[in-house]
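Read the structure below first, then the notes.
In mature numbering (1 follows the signal peptide of the UniProt record, and there is no 0), the protein residues as written are -22 to -1, 1 to 375.
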């Protein structure tokens, strides 16, 4: 009995270890465009460690001996690693709520911008023109690991996926990472400081299995030099948090496969959201996804501060276009758009055409619009390689 029990315990531990390890992969190396080309280095690296102090877009990473590009600068990676697999990653379109005004709720920015040191004199504050979610999706492809929000208030970040079956089922069981997450501050070494990642259905029920990550157990991939600005203040602009600025923080990154979350060919159609449950001590530069694996939808909160640009072009049936107050300053009064269409009695009817009839448009140009009566969607012509695509999903630029 003793030997049998020991064997069973060993097998159980081996099974659990396998599942823990397979559910997260720390990149062997990370590559960025800081100073042209940056390679991650640990504190024990024998060569001089390069600490990024400026903007640093992630251009590639190596997992399990295979290097993947991110679509930011594939050529720079391929020049050094010819075998690198060309992929494309983008940050999740994110927006989050400000639920408290704690002093440690901070925006992180690089100490240098375009090689100019951002001292208290040069950059004493940050404007509030951008939403806080912007700092989790700025940079090329949204992959700037040198900007972040620290100690984001505890909440769920929800990303809409698979509204039209947009998880690619062929990517579920391959070896290419589907999701990349970051932690760029000092992670809490407690269970309460863990983040939880999962897919859910439309009712919020977990599809597959959640993954809990305590980043304090993840080895850093280097450091970065930061400035900090107080996001917890009640008024704008955000002042520099001088006591923390010009200090270093560790960089951590993990990659996941869809299958790590228990996503299968049987359940992927049920997964309508990817959820990142923040602990309240999360320091996030970005969370990203493979555009080959899934599509995302952005429901960005409107920016309620700063200057809103006029909409300069409009078509109206209400006879009120004009620049004077009596005509409501229309369409300039409609802010933040390229084109305003307004009517309370007449619909806007574009050219209606079936999918098969699209070939009759012999000289399409980018931006041309038709209504596809077969696909039941407004279609826009992109270019000769992409062709016509349905314009029916919300997204962030």
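Glycine included, every Cβ here is placed at the ideal spot set by N, Cα and C.
Counting the other Cβ atoms within 10 Å of the Cβ of residue 244 gives fewer than 16, which makes it exposed.
When beta bridges are read from the DSSP output, residue 126 appears opposite 86.
Between the alpha carbons of residue 342 and residue 317 lies a distance of about 21 Å.
When secondary structure is reduced to three states using DSSP, residue 217 falls in the strand class.
Less than 8 Å divides the Cβ of residue 136 from the Cβ of residue 251. In the DSSP assignment, residue 152 falls outside any alpha helix (DSSP H), carrying neither H nor E. Here the alpha carbon of residue 358 sits roughly 24 Å from the alpha carbon of residue 120. A contact between stretches requires three or more CB pairs, one per stretch, nearer than 8 Å, and the region 91 to 98 fails this requirement with the region 229 to 236.
Secondary structure of residue 199 (DSSP, three-state): coil. Of the residues assessed, residue 27 falls on the exposed side of the cut-off, its CB having fewer than 16 other CB atoms within 10 angstroms.
With a contact defined as Cβ atoms closer than 8 Å, residue 85 and residue 127 qualify at about 6 Å. For residue 261, the uninterrupted beta strand (DSSP E) run begins and ends at 260 to 262, by DSSP. In the three-state DSSP reduction, residue 69 falls in the strand class (E or B). By the C-beta density criterion, residue 122 is buried, having at least 16 other C-beta atoms within 10 angstroms.
Shown here, residue 319 sits in a strand according to DSSP, grouped into three states. By a beta-carbon distance limit of 8 Å, residue 102 does not contact residue 5. Their separation comes to about 36 Å.
Approximately 5 Å separates the beta-carbon atoms of residue 186 and residue 239; this is inside 8 Å, confirming the contact. Assignment of beta-bridge partners to residue 95 by DSSP yields 90. Within the same chain, Cβ atoms closer than 6 Å to the Cβ of residue 349 are found at 328, 330 and 356, the five residues on either side in sequence being excluded.
Nearest C-alpha to residue 337 among 307, 221, 152 and 366: 366.
By the beta-carbon neighbour count (other beta carbons within 10 angstroms, threshold 16), residue 114 is buried. Straight through space, the alpha carbons of residue 292 and residue 222 are spaced by roughly 48 Å. By the Cβ test, the region 48 to 66 is not in contact with the region 202 to 221, since fewer than three Cβ pairs between them sit closer than 8 Å. Listed as beta-bridge partners of residue 166 by DSSP are no residues whatsoever. With contacts defined by Cβ atoms closer than 8 Å, residue 229 and residue 202 form a contacting pair. One thing to note: residue 324 has its Cβ no nearer than 8 Å to the Cβ of residue 289. Looking at the DSSP output, residue 356 sits in a beta bridge with 349.
Per the DSSP secondary-structure output, residue 46 pairs in a beta bridge with 39 and 63. Annotation for residue 170: no residue places its beta carbon closer than 6 Å to its own, counting only its chain and skipping 5 residues before and after.
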